[in-house]
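Reviewing the structure listed below.
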Amino acid sequence: MHLRHDERHRATLTLNGQSRSAEAEPRMQLCDFLRHQLGATGTHVGCEHGVCGACTVLVDGRAVRSCLMLAVQADGQRVDTVESLDEGETMSELQLAFRRHHALQCGFCTAGILMSCDEFLRRVPAPTERQVRDMLSGHLCRCTGYTGIVQAVLDVAGTRQAALEEST
Ligand code: FES
Ligand code: FES
1 MHLRHDERHR ATLTLNGQSR SAEAEPRMQL CDFLRHQLGA TGTHVGCEHG VCGACTVLVD
61 GRAVRSCLML AVQADGQRVD TVESLDEGET MSELQLAFRR HHALQCGFCT AGILMSCDEF
121 LRRVPAPTER QVRDMLSGHL CRCTGYTGIV QAVLDVAGTR QAALEEST
C-alpha cells in the first residue's frame, strides 16, 4: 500500500473489545492514535523510540511498543491497552498484586509493564525469577527498583498455579 504523507486514512481496530475507527495520517504512531484519536490515554508515551517500554500495548495478543508501530498498520487488528484490565468494580489480579507489593510509585511506566506482564503470564504461566527479570528488561522504571514488580508477577503466577493444582 502506498500512502502519501499528507493523506488521512481511516483506521478501524478492535480496541479493548470494541470496534473503534478514526482518521490517521500515514505517519501517525499507534500510541498517538490511541491517545489522541481514540481517547485511550492509559497508554503512556516516554522515549518515543522503542527504548523505555512505557507505550506497550497488545496487538492481536502480543506485546508491542506502540511508538514503533503506525496507526495504519493496526487497521483491522485487535488492540488491548491497560484499560482492558479494568474489571469494573475492582482492579485485575495483576493490578492488585502491584499494589500489594508496592510495584509502582509515579506510575508512568506501569501501564506498559502491566501489559507486558499480562501477556508474559499467559505465555509463561509458571516463570522463574530470572524469566520475569528478562521480560522486564524491556522496560525502564525510574522509581521502583523492580523488586516489587518481580514479586508481584511471581505472586500472581503462584496463585494461579495453586488454583490450577487445586482444580485438577
Ligand atoms: Fe515507546 Fe518508550 S515510548 S518504547
Ligand atoms: Fe515511576 Fe516506574 S513507577 S517510572
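FYI, UniProt numbering numbers position 37 of the sequence shown as 37, with every residue one higher than the one before it. C-beta atoms are modelled at their ideal positions from N, C-alpha and C, and glycine is treated no differently.
Checklist entry - Going by the CB atoms, is the gap between valine 59 and valine 79 shorter than 8 Å? => result Contact flag set, yes.
Checklist entry - Thinking just about the alpha-carbon of each residue, which of Asn16, Gly50, His49 and Cys47 is nearest to the one in leucine 34? => result Cα-wise, what sits closest to leucine 34 is Asn16.
Checklist entry - Buried or exposed: which applies to leucine 164, given that a residue is buried once 16 or more other Cβ atoms fall within 10 Å of its Cβ? => result Exposed.
Next on the checklist: Which residues neighbour ligand 1 when neighbourhood means a C-beta less than 7 Å away from any of its non-hydrogen atoms? List them by chain order.
Outcome noted: One residue list follows from the rule of a beta carbon closer than 7 Å to any heavy atom of ligand 1, given in chain order as Cys31, Val45, Gly46, Cys47, Glu48, His49, Gly50, Val51, Cys52, Gly53, Ala54, Cys55, Arg65, Ser66, Cys67 and Leu68.
Next on the checklist: Does alanine 74 come out as helix, strand or coil in the three-state DSSP assignment?
Outcome noted: Reduced to three states, the DSSP call for alanine 74 is helix.
Checklist entry - Is it right to say histidine 44 is buried, meaning 16 or more other beta carbons lie within 10 angstroms of its own, or is it exposed? => result Buried.
Next on the checklist: With H, G and I counted as helix, E and B as strand and the rest as coil, what does DSSP make of valine 51?
Outcome noted: Valine 51 falls in the coil class under three-state DSSP.
Next on the checklist: ligand 2 and glycine 107: does any heavy atom of the ligand fall closer than 7 Å to the residue's C-beta?
Outcome noted: Yes, Cβ of glycine 107 sits closer than 7 Å to a heavy atom of ligand 2.
Item to check | Start and end residues, beta strand (DSSP E) containing glutamate 23 | outcome: Per DSSP, glutamate 23 belongs to the beta strand (DSSP E) from 18–24.
Checklist entry - What are the start and end residues of the alpha helix (DSSP H) that includes threonine 159? => result Note, threonine 159: alpha helix (DSSP H), 147–167.
Item to check | Same chain, Cβ closer than 8 Å to threonine 12, neighbours up to 5 away in sequence not counted | outcome: The answer, listed in chain order, is Ser19, Arg20, Ser21, Asp75 and Gly76.
Checklist entry - CB-CB under 8 Å to valine 51, same chain, minus the five flanking residues each way: which ones, in chain order? => result Cβ neighbours of valine 51 beyond the five flanking positions: Leu140.
Checklist entry - What whole-angstrom Cβ distance do arginine 160 and proline 125 have, given they're in contact under 8 Å? => result So it is a contact: roughly 6 Å between Cβ atoms.
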